[in-house]
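Position in the sequence shown (first residue = 1) + 2 = the numbering used here.
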Amino acid sequence: MAELEFLAGPNEGKRVEIGDGPVVIGRGKEADVTIPDQAASTRHAEFRQEDGRWQVRDLDSSNGVRVNGNRVTSSWLARGDLIVVGNSRFVLHAGTGLEAPAPEAAADSEGLRLIREMRERTDRIRLEVGKVIVGQREVLDQVLMCLVANGHALLIGLPGMAKTLLVRTVAQVLDLKFKRVQFTPDLMPTDIIGTDVLETNQTTRQKEFRFLPGPVFCNLLLADEINRTPPKTQAALLEAMQEKMVTAGTETYTLEEPFFVLATQNPIEQEGTYPLPEAQLDRFMFNILIDYPAPHEEEEILRATTGGKPPDPTKVLTREEILQLQEYVRKIPVSDHVIKYVTRLVGATRPVNEDAPQVTKDYVSTGAGPRAGQYLILAAKATAILEGRIHVACSDIRRAALPVLRHRILTNFAADSEGMSSSEIIKQLVQDTPEPGAEDYPPPGERSEKEKTVGRM
3 MAELEFLAGP
13 NEGKRVEIGD
23 GPVVIGRGKE
33 ADVTIPDQAA
43 STRHAEFRQE
53 DGRWQVRDLD
63 SSNGVRVNGN
73 RVTSSWLARG
83 DLIVVGNSRF
93 VLHAGTGLEA
103 PAPEAAADSE
113 GLRLIREMRE
123 RTDRIRLEVG
133 KVIVGQREVL
143 DQVLMCLVAN
153 GHALLIGLPG
163 MAKTLLVRTV
173 AQVLDLKFKR
183 VQFTPDLMPT
193 DIIGTDVLET
203 NQTTRQKEFR
213 FLPGPVFCNL
223 LLADEINRTP
233 PKTQAALLEA
243 MQEKMVTAGT
253 ETYTLEEPFF
263 VLATQNPIEQ
273 EGTYPLPEAQ
283 LDRFMFNILI
293 DYPAPHEEEE
303 ILRATTGGKP
313 PDPTKVLTRE
323 EILQLQEYVR
333 KIPVSDHVIK
343 YVTRLVGATR
353 PVNEDAPQVT
363 KDYVSTGAGP
373 RAGQYLILAA
383 KATAILEGRI
393 HVACSDIRRA
403 ALPVLRHRIL
413 TNFAADSEGM
423 SSSEIIKQLV
433 QDTPEPGAED
443 YPPPGERSEK
453 EKTVGRM
């Protein structure tokens with residue numbers, strides 16, 4: 003007897019018997035298995051056996067059917083295949099008729115087990131970091147989101163806000179090799195990436211060059227006050243961030259993964275600094291703000307930091323597990339519903355769009371580019387993983403909107419004169435941008451031939 007096990011969506015946790023098929027799944031009452039999912043079509047997909055093998059077939063749905071992240075028209079199923087219909091994720095269990103899983107599918111199954119443990123592990127990470135850092139939970143969550151999504155973050159905060167301590171503690175809890183570089187006006191690229199030194203070979207007695215790695219050869223690099231060093235040194239670090247490698251002389255060296263950069267900036271002292279150009283700021287996935295602690299948190303900080311030594315945090319994740327999570331972020335499927343919402347939200351930041359809201363036309367000079375949409379989706383996937391989920395919702399996108407868009411929206415003179423910040427504009431856009439509705443998903447019969455062709459690619 004075959005059955006569907008729902009892992010995510012409205013029917014999460016349920017197991018539904020489907021016999022020997024054929025069975026139609028969809029949102030409408032005429033479907034054999036009904037899912038109350040607005041992102042699903044009335045008759046979305048069909049499961050049937052042909053020649054003793056199970057097959058899933060798309061019934062010309064508006065969102066399509068995905069198997070292991072790939073959109074399919076029809077597909078033979080193997081054991082453990084992850085099937086996506088709308089916002090629902092499930093697997094098919096059957097005694098016979100399912101192919102043996104491929105080696106990569108077995109690896110995915112191991113990744114799923116790790117993801118299901120992540121809600122508990124994320125709570126443990128917060129607990130361990132909380133032994134040293136009081137409060138700042140949202141900042142910690144955003145740092146974890148960025149790291150799991152394999153991005154880099156810009157940390158903005160006043161002196162004395164425990165930025166360095168936070169990063170060092172995260173490195174301890176995640177078993178990452180940590181290095182810190184204080185950026186100064188006389189800092190050179192070789193001070194970061196390393197340099198070749200001339201020495202005598204003790205065996206041959208010949209002179210030869212040997213490369214001495216710089217502090218960039220680590221897992222978690224704290225670039226303290228990145229805007230206080232000249233552009234050529236900033237560019238050397240940004241090359242390492244983007245390419246995950248560095249070049250010294252004629253040789254190229256690959257950095258050890260994972261490699262995560264947290265760069266800090268002081269928001270009040272700009273004299274004698276070298277502000278990062280917008281193109282370089284765009285390379286940072288997140289712009290994270292550290293604000294003053296709440297009064298009760300500040301009392302706890304004063305009590306904890308003026309007494310004995312705080313307990314040492316313990317390790318919760320390994321480097322290998324972090325790499326596994328980073329790989330799985332790319333594999334988590336995202337529904338067309340979420341992609342439409344991201345496109346709509348990012349488009350709302352561009353004053354050149356005719357449909358842009360009034361707040362954008364009044365206060366924004368330049369909106370976010372396509373990379374913002376990419377980072378929103380990756381951040382939402384990372385959020386889902388940290389909460390032990392394998393599905394992405396629009397609420398995950400809204401949670402990531404501020405750190406992703408904050409440094410990608412340029413305000414105009416009107417906004418500056420009225421004290422309107424990019425953060426306030428983003429909050430207004432998130433509030434005013436609706437999720438896609440039924441009108442954005444025409445019935446299958448009304449879809450154009452072009453849309454049908456694209457859906458089958």
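From the three backbone atoms N, C-alpha and C, an ideal C-beta is built for every residue, glycine too.
In the structure shown, P405 falls within a helical segment according to DSSP collapsed to helix, strand and coil.
When C-alpha distances from G71 are compared across D83, S64, A386, the shortest belongs to D83. Classified as exposed, R118 has fewer than 16 neighbouring CB atoms from the shown chains inside 10 Å of its CB. Secondary structure at A41: coil, using DSSP grouped into helix, strand and coil. The three-state reading of DSSP puts L214 in strand, counting E and B together.
One alpha carbon belongs to G88, the other to N65, and they sit about 6 Å apart. The straight-line gap separating the alpha-carbon atoms of K246 and A47 is approximately 42 Å. Scanning the region 302 to 364 from its first residue to its last, the whole alpha helix (DSSP H) runs of 4-plus residues come out as 321 to 333, 338 to 349. For G153 against Y377, the beta-carbon gap comes to about 7 Å, under 8 Å, which counts as contact.
For T256, same chain residues with a beta-carbon under 8 Å away, outside a window of 5 residues either side, are K246, M247 in chain order. Restricted to the region 100 to 177, the alpha helix (DSSP H) segments that are unbroken, complete and at least 4 residues in length are 105 to 132, 139 to 150, 165 to 175, listed in chain order. In this structure, DSSP gives G251 a state outside helix and strand, which the three-state scheme calls coil.
One Cα belongs to S76, the other to F49, and the distance between them is close to 10 Å.
Its chain contains D226 as the residues whose beta carbon lies nearer than 6 Å to that of Q184, once the 5 sequence neighbours on both sides are disregarded; these appear in chain order. No Cβ-Cβ contact shorter than 7 Å links F219 with D198.
Beta bridge pairing from DSSP links I194 with no other residue. Take the alpha-carbon of T368 and the one of L412: they are about 5 Å apart. A Cβ-Cβ contact shorter than 7 Å links I292 with M163. Going by DSSP, A417 is part of no beta strand (DSSP E) but of the alpha helix (DSSP H) stretching over 415 to 420. In the DSSP assignment, H95 forms a beta bridge with E5.
Here the alpha carbons of E426 and A42 stand approximately 34 Å from one another. For G349 and P12, the gap between their C-alpha atoms comes out near 29 Å. The beta carbons of L156 and Q267 sit about 7 Å from each other, so the pair counts as a contact at 8 Å.
Taking E302 as reference, the option from E19, G132, G54 with the minimal CA-CA separation is G132. Within a 10 Å sphere around the beta-carbon of E130 sit 16 or more other beta-carbons, which makes this residue buried. Between A238 and L380, the C-beta spacing is not below 7 Å. In this structure the region 396 to 414 does not touch the region 170 to 182; the number of beta carbon pairs closer than 8 Å is below three.
In the DSSP assignment, E437 falls outside any alpha helix (DSSP H) and carries neither an H nor an E.
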